Amino acid sequence: MQIIITGGGGFLGQKLAHALLHSSLSFSELLLVDIQEPQALADPRVRCLQADLTAPGVAESLISKHTAIVYHLAAIVSSHAEQDFDLGWRVNLDTTRSLLEACRQARPGIRFVFTSSLAVYGGPLPEVVDDGTALTPTSSYGAQKAMGELLVNDYSRKGYVDGLALRLPTICVRPGKPNRAASSFVSSIIREPLQGEQTTCPVSPALRLWLSSPATVVNNFLLAATLPRGDGRSINLPGISVTVGEMLDALTKAGGQAARDKVSFAHDPAIERIVASWPGQIDNSRALASGFMADWTFAGIIDSFMTHDLQEAS
Ligand SMILES: NC(=O)c1ccc[n+]([C@@H]2O[C@H](COP(=O)([O-])OP(=O)(O)OC[C@H]3O[C@@H](n4cnc5c(N)ncnc54)[C@H](O)[C@@H]3O)[C@@H](O)[C@H]2O)c1
56 MQIIITGGGG
66 FLGQKLAHAL
76 LHSSLSFSEL
86 LLVDIQEPQA
96 LADPRVRCLQ
106 ADLTAPGVAE
116 SLISKHTAIV
126 YHLAAIVSSH
136 AEQDFDLGWR
146 VNLDTTRSLL
156 EACRQARPGI
166 RFVFTSSLAV
176 YGGPLPEVVD
186 DGTALTPTSS
196 YGAQKAMGEL
206 LVNDYSRKGY
216 VDGLALRLPT
226 ICVRPGKPNR
236 AASSFVSSII
246 REPLQGEQTT
256 CPVSPALRLW
266 LSSPATVVNN
276 FLLAATLPRG
286 DGRSINLPGI
296 SVTVGEMLDA
306 LTKAGGQAAR
316 DKVSFAHDPA
326 IERIVASWPG
336 QIDNSRALAS
346 GFMADWTFAG
356 IIDSFMTHDL
366 QEAS
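Going letter by letter, the sequence shown gives residues 56 to 369 in the numbering used here.
Take a look at the structure:
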């Protein structure tokens, strides 16, 4: 039995690969596919493949009758998809369709886990979004993810795949360098100060965010491998609701005033427009009842970063 992770060289793809290798799931091969050579992992079950999923024939060449689960994580992130319209649609939508079609042709019923985003929501939203809230994306990235969800839903309805679309909270704290996601600052305002570096925050302290730690979202990915078919194919993953001001208070407690003083504010209306259009609070009753989890506190998220990722980085 084979598991495939597209975007297997990326941030969450690598964390998911580690988690799968240490999980109780039984599989003979874990195939990591990415346009950038995925980092090799010391386990004989792992195979790494550098490939551009938008190239003709690549999706079809990956999936076989031995494939049991596809985690489709490969994507062009939000600000990048906004800047490069054609690339965003090619990777975020066309590739999703090619992979679904390849699953259908290889063996109907493959578990297909698609990583969607809060960016499927936008504009004026209720204070608390729930599973019945209409999808109203206000960015190309959000539109691409919403259409990906519709594809997963329809291929599942026909029995071609057994699909799940997981709408991820903003993941924080992301180790490494800033990326081209509009939400990149969410990690930077914690990570950089704790590493002794200056950073700027482009949004107001009152902005409310819906967050998950990397470890929690990866645990939720593991659950998605075996979750029995439920009522809906699209699931808002649990998160915690925190304002930027509350995040900075937690930073002060964890790293002292010296860390807090490393963050200054420089308003960026383009970033604020995108991030403020996402929900800051979601009713997750259905996901929680299915066994998906949220972090307890933002202080706990910082603590987990300082224990695991900050030490790895230093
Ligand atoms: N991190 C978050 O806060 C967050 C929030 C919501 C949704 N998501 C979604 O979760 C998934 C993983 O996110 P991440 O943070 O690990 O992002 P990431 O950018 O680290 O990983 C995405 C990977 O996709 C690869 N990729 C891009 N184009 C490709 C192509 N043509 N062929 C093959 N590989 C290609 C990239 O090289 C990259 O390694 C994405 O689908 C993202 O949209 C992430």
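Positions of the beta carbon are idealized from the N, C-alpha and C atoms, including for glycine. All figures in this text were calculated on a predicted structure; none of them were measured in a lab.
For Asn291, the Cβ stays outside the 7 Å cut-off from all heavy atoms of ligand 1. Ligand 1 never approaches Asp350 closely enough for any of its heavy atoms to be under 7 Å from the residue's Cβ. Just so you know, the alpha carbons of Val272 and Ile290 end up roughly 13 Å apart.
Taking a C-beta distance under 8 Å as the contact criterion, Val330 and Leu221 do not qualify as a contact pair.
CA-CA distance, Gly311 to Asp304, rounds to 10 Å.
Glu182 sits in coil when the DSSP states are folded into three classes, being neither helix nor strand. Proximity of the beta carbon of Thr61 to ligand 1 is indicated: a heavy atom of the ligand is located closer than 7 Å.
Per DSSP, Ser239 is one residue of the alpha helix (DSSP H) stretching across 239-249.
Measuring C-alpha to C-alpha distances from Ala280 to each of Ile124, Ala129, Pro179 identifies Ile124 as the nearest. Looking at the DSSP output, Tyr126 shares a beta bridge with Ile60, Val168. Not one heavy atom of ligand 1 sits closer than 7 Å to the Cβ of Gly112. Using a Cβ distance threshold of 8 Å, Asp217 and Ile295 do not count as a contacting pair. When DSSP reads this structure, Arg263 sits in a beta bridge with Thr298. Setting aside the 5 residues that flank it on each side, Phe320 is surrounded in the same chain by Cys256, each with a C-beta closer than 6 Å to its C-beta; the list follows chain order.
Taking all protein chains in view, the Cβ of Arg288 is crowded by 16 or more other Cβ atoms within 10 Å, so the residue is classified as buried. A distance criterion of 7 Å places the beta-carbon of Asn275 beyond contact range of ligand 1, judged by its closest non-hydrogen atom. Not one heavy atom of ligand 1 is found less than 7 Å from the C-beta of Gln138. At least one heavy atom of ligand 1 is found less than 7 Å from the C-beta of Thr109. Ala174 and Pro334 have their C-alpha atoms spaced approximately 9 Å apart. Checking the 7 Å criterion, the Cβ of Asp89 is within range of a heavy atom belonging to ligand 1. In terms of CA proximity to Lys308, Met361 leads the group Met361, Glu115, Ile326. Taking the CA atoms as reference points, Asn339 sits about 34 Å from Gln94. Excluding five sequence positions before and after Glu204, the CB atoms of its chain that fall closer than 6 Å to its own CB belong to Ser171, Ala220, Ser289, given in chain order.
Put simply, of Arg284, Ala236, Ala325, Ser83 the residue whose alpha carbon is nearest the alpha carbon of Ser259 is Ala325. Between the alpha carbons of Thr122 and Gln160 lies a distance of about 12 Å. Judged by DSSP in its simplified three-state form, Ser119 adopts coil rather than helix or strand. Here Asp316 has no same chain residue with a Cβ atom under 7 Å from its own Cβ, once five neighbours each way along the sequence are excluded.
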